[in-house]
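Just so you know, we're using the UniProt record's numbering here: the sequence shown kicks off at 1 and counts up by one. For reference, the structure discussed in these notes is given below.
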Amino acid sequence: VESCIRFDYQISEQIYQQKGDDDHHQFPTRLAYEVHQAIRVDPMYGPWHDKGRHLVGVEYEVVLEHALRQMDIPFETEEDLREKGTSRTPDILLSCPIAVPVPKKKKNTHHPPTNNNNPTTNSQHKNEKDDDVDWKVICWIDSKALFGDVYTHTTSVVPQAESY
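Rendered as C-alpha cells:
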C-alpha cells in the first residue's frame, strides 16, 4: 500500500510541477499548495478567521471606550493596566462600579394589550417593567469576539470571569 501511495504522490508532484499557473510556483510542493488553499478557504478556524475576529474585537474595544467616554464613565484600559503591571487585564476596568438593568427571563411571554393613553396603565406597566429587571453591579468589561451560544459561554466566558 505504501508504494502505491508514494507512486501516486510522486506522479501528482510531477504534474503539479509542470503546471503553468504562477500561483502554483510559489509553493515547493503540491502538498504545500493544498495546505495553503485549505487555510485560505477555512471560514471558521484558520488564521484568516482568527485575524478577522481579532480585528472585530479591537474595533469593538474602540467603540466601547468611545461610548464610556461619551457617558463620562471613568475607566482604565487594558493597556493602562498592563503598564501598571496588573496580573488581570480586562479590556475595561471601571474606576467606580456601575449598576445596569438586566432583563429577567419571562415565564409568560403573552402580555395583554395595553392602552398607552391611560396614565394609570402607564404607571402600572412602569412598575411591572421595574419588576422585570435585575440590577447587576459591573466592575469590569472584557469584550469577546465569540459566538454567544450557551456552550461557548459556559466553557469559555464563565471560567474566565470567575478568575477575576
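Quick reminder that beta carbons are idealized off the backbone N, C-alpha and C, glycines included.
Under the three-state DSSP convention, the category residue i falls into
{"i": "Ile73", "result": "coil"}
{"i": "Asp42", "result": "coil"}
{"i": "Lys84", "result": "helix"}
{"i": "Ser143", "result": "coil"}
{"i": "Asp149", "result": "coil"}
{"i": "Asp134", "result": "strand"}
{"i": "Thr29", "result": "coil"}
{"i": "residue 165", "result": "Residue 165 lies beyond the stretch modelled for the chain, which goes from 1 to 164, so this question has no answer here."}
Straight-line Cα distance separating residue j from residue i
{"i": "Arg40", "j": "Gly46", "result": "7 Å"}
{"i": "Ala67", "j": "Cys96", "result": "16 Å"}
Residues near residue i by beta carbon distance below 8 Å, same chain, minus five either side
{"i": "Leu64", "result": "Asp91, Ile92, Ile141 and Ser143"}
{"i": "Ala99", "result": "Trp135, Lys136, Val137 and Ile138"}
{"i": "Lys126", "result": "A caution first: Lys126 carries a pLDDT of 47, below 50, which makes its placement in the model too unreliable to give a value."}
Endpoints, the beta strand (DSSP E) within which residue i is located
{"i": "Leu97", "result": "The displayed chain sequence assigns Pro, not Leu, to residue 97. From DSSP, the beta strand (DSSP E) with Pro97 extends over Ile92 to Pro103."}
Cut-off 7 Å between Cβ atoms - residues of its own chain near residue i, not counting five sequence neighbours on either side
{"i": "Leu94", "result": "Ile73, Phe75, Ile138, Cys139 and Trp140"}
Cβ neighbours of residue i in the same chain (closer than 6 Å, five flanking residues each side left out)
{"i": "Asp50", "result": "none"}
Span of the alpha helix (DSSP H), counted from its first residue to its last, around residue i
{"i": "Gln160", "result": "Val158 to Ser163"}
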